[in-house]
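These protein sequence lines are chains A and B, in that order.
287 is the number that UniProt numbering gives to position 287 of the first sequence; each next residue is one higher, with no gaps.
156 is the number that UniProt numbering gives to position 156 of the second sequence; each next residue is one higher, with no gaps.
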Amino acid sequence: MLQSKSFVRKTKQGKVVKVVREHYLRDDIYCGASICQVCDSTGARLSPDASTILILDTNVVLNQIDLLENPAINEVVILSVVLEEVKNKNLSVYNRLRGLCGNALRKFFVFSNEYHKDTYIKAMVGESPNDRNDRAIRVAAQWYQKHLGSATRVLLITNDRENKRKATEEGIIAETVESYVKSLGQPDLLDLLVQPAAGDVSMEDAEDMRPSKKKVIYSEHKPMSEITSGLHRGIYHQGKLRVNRYNPFEAYVGSESIGDEIIIYGRSNMNRVFDGDIVAVELLPRDQWHEEKSLSIVDDDEDEDDNVHLAPSSADDAPRTTNIVQASSADSTSAPSRPTGRVVGIIKRNWHSYCGSLEPMPMPAGNGGIAHALFVSKDRRVPKIRIQTRQLGNLLDKRIIVAVDSWDCLSRYPSGHYVRTIGQIGDRDTESEVVLIENDIDSRPFSSQVLGCLPPIPWSVSTDDLANPNRQDLRHIRVFSVDPPGCRDIDDALHCTLLPSGNFEVGVHIADVTNFVHPGTPLDDEATQRGTSVYLVERRIDMLPKPLTEDICSLRADVERLAFSVIWEMTPEAEIISTRYTKSVIKSCAALSYVEAQARMDDSRFNDPLTTDLRNMNTLAKIMRQRRIEKGALTLASAEVKFQIDTETHDPLDIGMYQIREANQMVEEFMLAANISVAEKILKQFPVCSLLRRHPSPTREMLEPLLRTAAAVGLSLDVSSSKALADSLDHAVGDDPYFNKLIRILATRCMTQAVYFCSGDLSPPEYHHYGLAAPLYTHFTSPIRRYADVVVHRLLAAALGLCKLPTIFQDRPQLTNIADNLNYRHRNAQMASRASVELHTLIYFRNRPVDTEARIVKIRSNGFIVFVPKFGIEGPVYLTARSEKGSGEWTVDEQQQKVKKADGSVSYSVLQTVHVHLEVVEPQPNRPKLQLTLI
Amino acid sequence: MEYVSPEGLRLDGRRPMEMRQIRAEVGAVSKADGSAVFEMGNTKVIAAVYGPREVQNRSQQLNDQALVRCEYTMSNFSTGDRMRRPKGDRRSTEISLVIRQTMEACILTHLMPRSQIDIFVQVLQADGGTRSACINAATLALADAGIPMSDLVTSCSAGYLNSTPLLDLNYVEDSAGGPDVTVGILPKLDKVTLLQMDAKLPIDTFENVMQLATEGCKAIANYIREVLQENTKQLESRRGT
Ligand SMILES: [Zn+2]
Numbered sequence: 001m002l003q004s005k006s007f008v009r010k011t012k013q014g015k016v017v018k019v020v021r022e023h024y025l026r027d028d029i030y031c032g033a034s035i036c037q038v039c040d041s042t043g044a045r046l047s048p049d050a051s052t053i054l055i056l057d058t059n060v061v062l063n064q065i066d067l068l069e070n071p072a073i074n075e076v077v078i079l080s081v082v083l084e085e086v087k088n089k090n091l092s093v094y095n096r097l098r099g100l101c102g103n104a105l106r107k108f109f110v111f112s113n114e115y116h117k118d119t120y121i122k123a124m125v126g127e128s129p130n131d132r133n134d135r136a137i138r139v140a141a142q143w144y145q146k147h148l149g150s151a152t153r154v155l156l157i158t159n160d161r162e163n164k165r166k167a168t169e170e171g172i173i174a175e176t177v178e179s180y181v182k183s184l185g186q187p188d189l190l191d192l193l194v195q196p197a198a199g200d201v202s203m204e205d206a207e208d209m210r211p212s213k214k215k216v217i218y219s220e221h222k223p224m225s226e227i228t229s230g231l232h233r234g235i236y237h238q239g240k241l242r243v244n245r246y247n248p249f250e251a252y253v254g255s256e257s258i259g260d261e262i263i264i265y266g267r268s269n270m271n272r273v274f275d276g277d278i279v280a281v282e283l284l285p286r287d288q289w290h291e292e293k294s295l296s297i298v299d300d301d302e303d304e305d306d307n308v309h310l311a312p313s314s315a316d317d318a319p320r321t322t323n324i325v326q327a328s329s330a331d332s333t334s335a336p337s338r339p340t341g342r343v344v345g346i347i348k349r350n351w352h353s354y355c356g357s358l359e360p361m362p363m364p365a366g367n368g369g370i371a372h373a374l375f376v377s378k379d380r381r382v383p384k385i386r387i388q389t390r391q392l393g394n395l396l397d398k399r400i401i402v403a404v405d406s407w408d409c410l411s412r413y414p415s416g417h418y419v420r421t422i423g424q425i426g427d428r429d430t431e432s433e434v435v436l437i438e439n440d441i442d443s444r445p446f447s448s449q450v451l452g453c454l455p456p457i458p459w460s461v462s463t464d465d466l467a468n469p470n471r472q473d474l475r476h477i478r479v480f481s482v483d484p485p486g487c488r489d490i491d492d493a494l495h496c497t498l499l500p501s502g503n504f505e506v507g508v509h510i511a512d513v514t515n516f517v518h519p520g521t522p523l524d525d526e527a528t529q530r531g532t533s534v535y536l537v538e539r540r541i542d543m544l545p546k547p548l549t550e551d552i553c554s555l556r557a558d559v560e561r562l563a564f565s566v567i568w569e570m571t572p573e574a575e576i577i578s579t580r581y582t583k584s585v586i587k588s589c590a591a592l593s594y595v596e597a598q599a600r601m602d603d604s605r606f607n608d609p610l611t612t613d614l615r616n617m618n619t620l621a622k623i624m625r626q627r628r629i630e631k632g633a634l635t636l637a638s639a640e641v642k643f644q645i646d647t648e649t650h651d652p653l654d655i656g657m658y659q660i661r662e663a664n665q666m667v668e669e670f671m672l673a674a675n676i677s678v679a680e681k682i683l684k685q686f687p688v689c690s691l692l693r694r695h696p697s698p699t700r701e702m703l704e705p706l707l708r709t710a711a712a713v714g715l716s717l718d719v720s721s722s723k724a725l726a727d728s729l730d731h732a733v734g735d736d737p738y739f740n741k742l743i744r745i746l747a748t749r750c751m752t753q754a755v756y757f758c759s760g761d762l763s764p765p766e767y768h769h770y771g772l773a774a775p776l777y778t779h780f781t782s783p784i785r786r787y788a789d790v791v792v793h794r795l796l797a798a799a800l801g802l803c804k805l806p807t808i809f810q811d812r813p814q815l816t817n818i819a820d821n822l823n824y825r826h827r828n829a830q831m832a833s834r835a836s837v838e839l840h841t842l843i844y845f846r847n848r849p850v851d852t853e854a855r856i857v858k859i860r861s862n863g864f865i866v867f868v869p870k871f872g873i874e875g876p877v878y879l880t881a882r883s884e885k886g887s888g889e890w891t892v893d894e895q896q897q898k899v900k901k902a903d904g905s906v907s908y909s910v911l912q913t914v915h916v917h918l919e920v921v922e923p924q925p926n927r928p929k930l931q932l933t934l935i
Numbered sequence: 001m002e003y004v005s006p007e008g009l010r011l012d013g014r015r016p017m018e019m020r021q022i023r024a025e026v027g028a029v030s031k032a033d034g035s036a037v038f039e040m041g042n043t044k045v046i047a048a049v050y051g052p053r054e055v056q057n058r059s060q061q062l063n064d065q066a067l068v069r070c071e072y073t074m075s076n077f078s079t080g081d082r083m084r085r086p087k088g089d090r091r092s093t094e095i096s097l098v099i100r101q102t103m104e105a106c107i108l109t110h111l112m113p114r115s116q117i118d119i120f121v122q123v124l125q126a127d128g129g130t131r132s133a134c135i136n137a138a139t140l141a142l143a144d145a146g147i148p149m150s151d152l153v154t155s156c157s158a159g160y161l162n163s164t165p166l167l168d169l170n171y172v173e174d175s176a177g178g179p180d181v182t183v184g185i186l187p188k189l190d191k192v193t194l195l196q197m198d199a200k201l202p203i204d205t206f207e208n209v210m211q212l213a214t215e216g217c218k219a220i221a222n223y224i225r226e227v228l229q230e231n232t233k234q235l236e237s238r239r240g241t
């Protein structure tokens, strides 16, 4: 094993501090061609009949990764010097390249030229690292040509003019990407090419097609050196930029140096940023801090048309501080002005590819079929992107993916290139895929490695499971489950037995997923990544493979299943006397739907033991619920809608509000209790590495919209604590029965969502769950569809001494990462569900225009926003045509939240009921949208 | 950070199971009774042994065995930043102790009662694995001094990065913060005399890593034996026998 003798040792030397590193050169690095007679061909990737082998220059990989991902490009040698350079310059491209090299279907071979004794070169005196690397690439290309002989053509692909010239001089065949792709004779591939920037070999036919008026639109970004010194001197502030989801011309930069968020208004101040970029910001003079707000609206000539969308269910879904009414009338003295700035430079770009469609345009005449089109992303935060295409006719009615290449200060829009087509616009499958891509949801089928971790089917409880002393046999107990109708992944079941003492034994039994999903397995890794199952209207993307979710783990009726149980002894007053936790074997006697359970409880003719259990539980649940509400838990409301889907076509048949029954609340109550009990147990055992869930208290600022609306209708809400708010919500009763629910819906959307966190990262007072008014909370009850619950199951098992705590729990940063990923996945899953509902709403109303009742929730200068309770959607209703915005015919009364006609004849105020007409219109071909008009 | 590329090469071009180039030279300090220089890649250590000799501080004298003392220092120029190092800081005290205990375990101290053996080890160049290099140098120096030993103790380290056990970590790999297992063995007796690790590792992984380090120790033992035999041959030829 000691091969050190065969090494030739060389040293590389560093800069300021002299760093000496060893660099071993080897003779056991092979060329990867399976025809090679000299080399060991076990790891070979290049096919035997390859007549041409491509060697890529770094700039080609960095710029043309979309092209490389196309299957037409094959027989490629990636040099380690290129890999290293790519890694330093762009990690995401590096990961994609690594993906290609690891893909067994593609013929990409990594040649470690830097460690090969014949291809390693030392930098010459005065040679820049770039030149040295270019030379290394040429040396490797030459070596390949010599090594493989004349039967194979080794082709160096480079867009660097200098490198190409030198290569040709040295006898290497070199070509630019453009000419190589052209030689392949597949014109569609040319769309994937990135437009060359200055300094590269220009495409012969690419005369500049940008707008002829070459005027500077944006200010130049400052060079990196100036930014660094500016940051140092405190005149610039660094931070990650977030674009307002609802107003692409408003962005926020969270800056640590001033400890506040800097707001950036308007296109020119934003200076070509993308959401997620790390930027350097300069503060504007203080006197410009406020008036910018109104400017931002004048500034954007783009259609900032609010579409009809699903009503937000929390503050995370709702627009932030974009209240046009407030902006236009607020006097700058009363409102504390927030720091406002402008972007001076971009430290790190967050460019990736975007989903969307092309802006409708006529077919260009002539020009060899090359058209310049504008791409509009689905994500409103992304600006339009200019692309060049040879297949315009093909793409106009498609959803496509486009990547950004560059954005110079002369062009209004960034330029990019086409990556691939998803499908027809408006087609349900295409749009669903767009939803998934936009939310970074992996919907690929599970890999064979993952499926390999599953136990063989048919599975049943084994004698080993029964003999396990840590697993209690609860098969004799009358356990049942209550779920939505048609639920196949049942992860919870319940039981309730009257004890001789008059107390109740109540059990919550949760599918024992961790008995099948072991840490460190591909199955576990996959579930960690997915984080949660995603529920779209017509399909479900599982976190775990189907055999587990629908069979092995699902606590179905009349089969023996493994469970993790929390069992309480409770008094008839629902006081918990004792709690125990155990792994168990159960046999559910009934899988009820909410409707069935409700019907049994309501129907006095039913007197069987199961119904009695249900009634007892319901009684206990009501007491527990009452007690929770007394402690200050909020009963919030959201406008969830439910579709009835055609089983055949998957098209929505009917739409309506989701009805919540007592049975739902009963199950929910016990799940909450189980989660709280488990949270207490794991935190006691593992104070620093428990995964918990908290719900931050909303700040007064967040509740501001609610208070303003309430004040306008003469209602005062006390928001000093969750208890106070809960009480004032209870007292908010208006003339009509829906008023209270409406206020609750408005309150809900002011709050952020609960998040997962690692207990070691925060102090105990911060663990608080505001909405539930619980000091501790976690997720234990849905391990089939949430990874957080899997983690918590492991923690609980370790707390009980049933198994060892997996090693990742000893590593807090890693646990924090997991919590962050879970929050991210959770959020995305929710957004995807909402987007899916929006999509189906649109499909549903396509042929069914309808008149319905709506409530005004926000007043705007040219109309108002209404909420349609029946369908859970909201959108703008315009009183004046949009072109004559603010023509003076209508005036807004901020205090009263009212919009009045100038002559006083008509007025609309907030929370008022109006009748609207709902229909799908198509203002532009292939761009259907919902429209609300006043009747 | 990627410490092992998917091609199976480490940052310096070695494969995971490969050691750096090692080199040893006996008799570098002529005044000492025994001395040696030991190199593992860019890590370079010099050791000098004085003794057995009279115990300097009578109160420390042991009546049934020899007193072994060890002093470890790092030269100011041993790392890139060339800083002045205080003598006797905690790290050197600890390493001194480790070396002393390891060497004591193989020296037949009961043959030399009421005497003292001093081992001085100095790091000339540090690039990871100094602990092991010091022990290997000390072994050579002791052998050079002709001090009776039960076996030649040798040491080597192994780590675990990117889910791969790696033999003989260099400075860059060592700074990754992963586990670093230093093993010292008596190769002929097949006994472990030193085992140190300053991180957590699952037990099955740990066994693999330790196994690898032990293999490394054996390879070093072979090399050290060669060096000593070569040295003896030279002495013979110089003496003219
Ligand atoms: Zn070959």
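Where a beta carbon is used, it is the ideal one built from N, C-alpha and C, also for glycine.
Bear in mind that the values here come from a model prediction, so they are computed numbers and not experimental data.
Annotation for residue 133 of chain B indicates a beta carbon at 7 Å or more from all heavy atoms of ligand 1.
Under the Cβ criterion (8 Å, minimum of three pairs), the segment 807 to 814 of chain A does not count as touching the segment 745 to 753 of chain A. The DSSP assignment places 58 to 63, 65 to 68, 80 to 89, 91 to 102 and 129 to 148 as complete runs of the alpha helix (DSSP H) inside the UniProt domain "PIN" (52 to 165) of chain A, in order along the chain (cut-off: 4 residues). Linking residue 450 of chain A to residue 539 of chain A through their CA atoms gives a straight-line distance of about 21 Å. Of the residues assessed, residue 281 of chain A falls on the buried side of the cut-off, its CB having 16 or more other CB atoms within 10 angstroms. Within the segment 39 to 61 of chain B, the residues whose Cβ lies closer than 9 Å to some Cβ of chain A are 41 and 42, listed in chain order. Residue 178 of chain A places its beta carbon 8 Å or farther from that of residue 138 of chain A. Distance between residue 165 of chain B and residue 798 of chain A, taken at the CA atoms: about 28 Å.
A residue is called buried once 16 or more other Cβ atoms fall within 10 Å of its Cβ, and residue 12 of chain B is buried on that count. Against chain B, the CB of residue 549 of chain A has no partner CB under 8 Å away; the residue lies outside that interface.
Put simply, the CB of residue 794 of chain A is far from chain B, with every gap to its CB atoms at 8 Å or more. Contact of residue 178 of chain B with chain A by beta-carbon distance below 7 Å is absent, the smallest such distance being about 12 Å.
For secondary structure counted as the alpha helix (DSSP H) over 4 or more consecutive residues, the segment 708 to 768 of chain A holds these complete runs in sequence order: 722 to 731 and 739 to 748. Within the same chain, and ignoring the five residues on either side of residue 91 of chain A in sequence, no residue has its Cβ closer than 7 Å to its Cβ.
At least one C-beta of chain B is nearer than 8 Å to the C-beta of residue 25 of chain A.
Across the set B/29, B/10, B/33 and B/37, the C-alpha of B/37 shows the shortest separation from the C-alpha of residue 23 of chain B. For residue 866 of chain A, the enclosing beta strand (DSSP E) starts and ends at 863 to 868. The C-alpha of residue 527 of chain A is placed about 26 Å away from the C-alpha of residue 559 of chain A. Neighbours of residue 7 of chain B across chain A, judged by C-beta separation under 7 Å: 110 and 112. Between residue 899 of chain A and chain B, the shortest Cβ-Cβ separation is not below 8 Å. Against chain A, a Cβ distance below 8 Å from residue 14 of chain B picks out 24.
Going by beta carbons, residue 455 of chain A and residue 413 of chain A fall outside the 8 Å limit. Residue range 873 to 878 is occupied by the beta strand (DSSP E) that includes residue 873 of chain A. For the set A/557, A/353, A/444 and A/576, the Cα lying nearest the Cα of residue 504 of chain A is the one of A/576. In the displayed model, residue 444 of chain A falls within coil according to three-state DSSP, outside both helix and strand.
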